[in-house]
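J.:
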Ligand code: 13P
Ligand code: SF4
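Residue numbers (full-length UniProt numbering): 24 to 342.
1) Which residues does DSSP list as the beta-bridge partners of residue 79?
2) Assign residue 296 to one of three DSSP states: helix, strand, or coil.
3) Starting from the Cα of residue 134, find the closest Cα among 140, 152, 141 and give me that residue.
4) Can you give, in chain order, each stretch of the beta strand (DSSP E) that sits fully within the stretch 139 to 223 and has at least 3 residues?
5) Rounded to the nearest angstrom, what separates residue 244 and residue 158 at their Cα positions?
6) Nearest by alpha-carbon distance to residue 283: which of 273, 265, 276 is it?
7) Return the residue from the list 62, 72, 99, 45 that minimises the CA-CA distance to residue 83.
8) Based on DSSP bridge pairs, tell me the residues matched to residue 67.
9) Can you grab the Cα-Cα spacing for the pair residue 190 / residue 65, in whole Å?
10) Could you check whether residue 334 and residue 95 sit closer than 8 Å to each other, using their CB atoms as the reference points?
11) Which first and last residues belong to the beta strand (DSSP E) in which residue 336 is found?
12) Consult DSSP for residue 282 and reduce its assignment to one of helix, strand or coil.
13) I want to check one thing, is the minimum distance from the CB of residue 314 to the heavy atoms of the ligand SF4 below 7 Å?
14) Have a look at residue 43 and residue 101 and give me their C-alpha separation to the nearest angstrom.
15) Should residue 168 be counted as a contact of the ligand SF4 given a C-beta to heavy atom distance under 7 Å?
16) For residue 102, name the three-state secondary structure that DSSP assigns.
17) What do you reckon, is the C-beta of residue 68 under 7 Å from a heavy atom of the ligand 13P?
18) Taking just the CA atoms, how far does residue 35 sit from residue 200?
19) What's the gap between the Cα of residue 196 and the Cα of residue 77?
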């Protein structure tokens, strides 16, 4: 604990000395989220991380999350220095959507509006008409549908299927998935609901359709946290990365929060749902990146003019 406090003090001082701000995602370690809060940074979902980084006057952003979040910040603010605790923190959705294959998929369907999830590389964003996050995907697809547009969607198939079910939009789907949310099991969740009949089930839409069907609320990380403030239930069963419990406990200190099961055997699996890449954001890495300037995000300057357009479109739409 003393060591942790020492790291926190040193990071806070380094942030100040370097005109830097810490921008953290809800899935990072609670200690990293707390540090971001205590040092005037932000803890939020991927949409608001992007907006905060773009609008903040600091000259260096330290993005504690996964690589696409750092790249998004760099695309939106090429003049800022964007550091990450480690550049190795990636995302299975990003890995599963390589630019060459994605580009030929787009070439085969030139009549479709290309909508990509934020969890993608800068090159994939540069091919897109719109970038969306789970906070705004539904509204944006509804908007495009109203304009009669057909959609090419990538890369998360579960979020894509959920939106298609909700809106009836014509969506051609890339078959990517999140290795964390894909592990939630519907039958075990049914069994757990039987034990806690008064619980509301909160589900992130990267989860499989059978799990989403059991949800009382389906939403982005920020929308799920909001649900714990607004719903009257004494108990919440939560199907998303366990990092979110830090903020949920703050938002609803008097409620019982239970992790949705990731094991198929009916047993509740404690602390299973945690993104291995989010977990790489440790305090020692935050400090060394800041002090040594390692793990700086670089985005090919040729991609930025193309990639910034669908991102700005998303931020304007959700303003
Ligand atoms: P949010 O946009 O809901 O924060 O989700 C980002 C993410 O990576 C979910 O796994
Ligand atoms: Fe990617 Fe899933 Fe990790 Fe989110 S939780 S960063 S979607 S692998």
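Where a beta carbon is used, it is the ideal one built from N, C-alpha and C, also for glycine.
T.: According to the structure data:
1) For residue 79, which the question treats as bridged, DSSP gives no partner whatsoever.
2) coil
3) 152
4) 153 to 155, 174 to 177, 194 to 196
5) Taking the straight line joining both Cα atoms gives about 8 Å.
6) 265
7) The shortest C-alpha separation from residue 83 is found at 45.
8) 48
9) 32 Å
10) In this structure, residue 334 lies closer than 8 Å to residue 95 by Cβ.
11) Run containing residue 336: none in the beta strand (DSSP E); it sits in the alpha helix (DSSP H), 327 to 340.
12) strand
13) Remark: the C-beta of residue 314 is outside contact range of the ligand SF4, defined as less than 7 Å to any heavy atom.
14) So the two alpha carbons sit approximately 15 Å from each other.
15) no
16) coil
17) yes
18) Spanning the two alpha carbons is a distance of roughly 36 Å.
19) 30 Å
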